[in-house]
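In my numbering, the protein residues as written are 260 to 500.
Pasting the structure below:
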């Protein structure tokens, strides 16, 4: 049986004994019905997987003894931030989940000119990101942030940035990535269902972002986000065994 992963804080450790409470306690004991003797994996975000065995179950906590630790293999070696203009329906959920699976280090949802309503439920997205991190064996949950377009422009000045723009005719993604393969940090920006306005595209360009085409076919926003991130991670070597 595959060992389940639970996220804890360094402060939960007392030498080789870890006390787990809160949502992770509820998930393990109330939902999964874990008892004394069950083996689990604990993650603190420090790059290690801690193998542990449950030794005590209380009313609102359980204790586990660390038996060994191994380097986590699911953490990306590049820091890629995905900035996604907020989407309708459950599409934000989809983007957050797939971005975690593909190895994004940070996911930023933001308002843009073609977003006319508040669509981001951060608490929900945090839970989705946590479950996705467990599923794909990452040692830490990527941070979910909520921002606005002006902050994305500021962020674009801090690291090489690629923005998907359907009206771009000069640069393709492959050309842009060819120049960025040696970078350890990259920012990706994707618009909402209506894409970026010309004004926004120019602002991104002025901030240093490279506008790229994702091909001749018009993609849905969530498809563009996943495609852009997946291709970038592949080109950076993050898809290698």
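For glycine and all other residues, C-beta sits at the position ideal for the given N, C-alpha and C. Fair warning: this is a prediction, and the values are worked out from it, not measured in the lab.
Which residue comes first and which comes last in the beta strand (DSSP E) that contains residue 266? For residue 266, the enclosing beta strand (DSSP E) begins and ends at 264-266.
Local conformation of residue 312 per DSSP, three classes: DSSP places residue 312 in strand when its eight states are reduced to three.
Backbone CA spacing between residue 305 and residue 485 [nearest angstrom]: Cα to Cα, the separation comes out at about 26 Å.
Measure the Cβ-Cβ separation of residue 401 and residue 425 and say whether it is below 8 Å. Contact flag unset, no.
Could you please give the first and the last residue of the uninterrupted beta strand (DSSP E) stretch that includes residue 477? For residue 477, there is no enclosing beta strand (DSSP E), as DSSP gives it neither H nor E.
Using a threshold of 8 Å, state whether the C-beta atoms of residue 463 and residue 427 are closer than that. In this structure, residue 427 does not lie closer than 8 Å to residue 463 by Cβ.
Does residue 269 pass the burial test, meaning 16 or more other C-beta atoms within 10 Å, or should it be called exposed? Here residue 269 is exposed, its C-beta having fewer than 16 other C-beta atoms within 10 Å.
Touch check for the stretch 334-348 and the stretch 309-320: three-plus C-beta pairs under 8 Å? No contact exists between the stretch 334-348 and the stretch 309-320.
Beta-carbon separation of residue 321 and residue 284 under 8 Å? Cβ atoms of residue 321 and residue 284: closer than 8 Å.
How far does the alpha helix (DSSP H) with residue 322 in it reach, from first residue to last? Per DSSP, residue 322 belongs to no alpha helix (DSSP H); it is in the beta strand (DSSP E), 320-330.
Say whether the stretch 440-449 touches the stretch 340-359, bearing in mind that this needs 3 or more beta-carbon pairs closer than 8 Å, one atom from each stretch. Between the stretch 440-449 and the stretch 340-359, the count of C-beta pairs closer than 8 Å reaches three or more; the two stretches touch.
Cβ contact (3+ pairs, closer than 8 Å) linking the stretch 383-391 and the stretch 317-333: No, the stretch 383-391 is not in contact with the stretch 317-333.
Would you call the CB atoms of residue 275 and residue 325 closer than 8 Å? Contact annotation: residue 275 and residue 325 have beta-carbon atoms nearer than 8 Å.
Exposure of residue 295, with buried meaning 16 or more beta-carbon neighbours within 10 Å: Of the residues assessed, residue 295 falls on the exposed side of the cut-off, its CB having fewer than 16 other CB atoms within 10 angstroms.
Following a CB-centred definition, is residue 275 positioned closer than 7 Å to any heavy atom of the ligand ZN? For the ligand ZN, the structure offers nothing, since it holds no ligand at all.
Have a look at residue 417 and residue 476 and give me their C-alpha separation to the nearest angstrom. Straight through space, the alpha carbons of residue 476 and residue 417 are spaced by roughly 31 Å.
In this structure, how does DSSP classify residue 430 when only helix, strand and coil are distinguished? If DSSP states are grouped into helix, strand and coil, residue 430 belongs with coil.
What number of angstroms, rounded off, separates the C-alpha of residue 346 from the C-alpha of residue 488? Straight across, the Cα-Cα distance linking residue 346 with residue 488 is about 17 Å.
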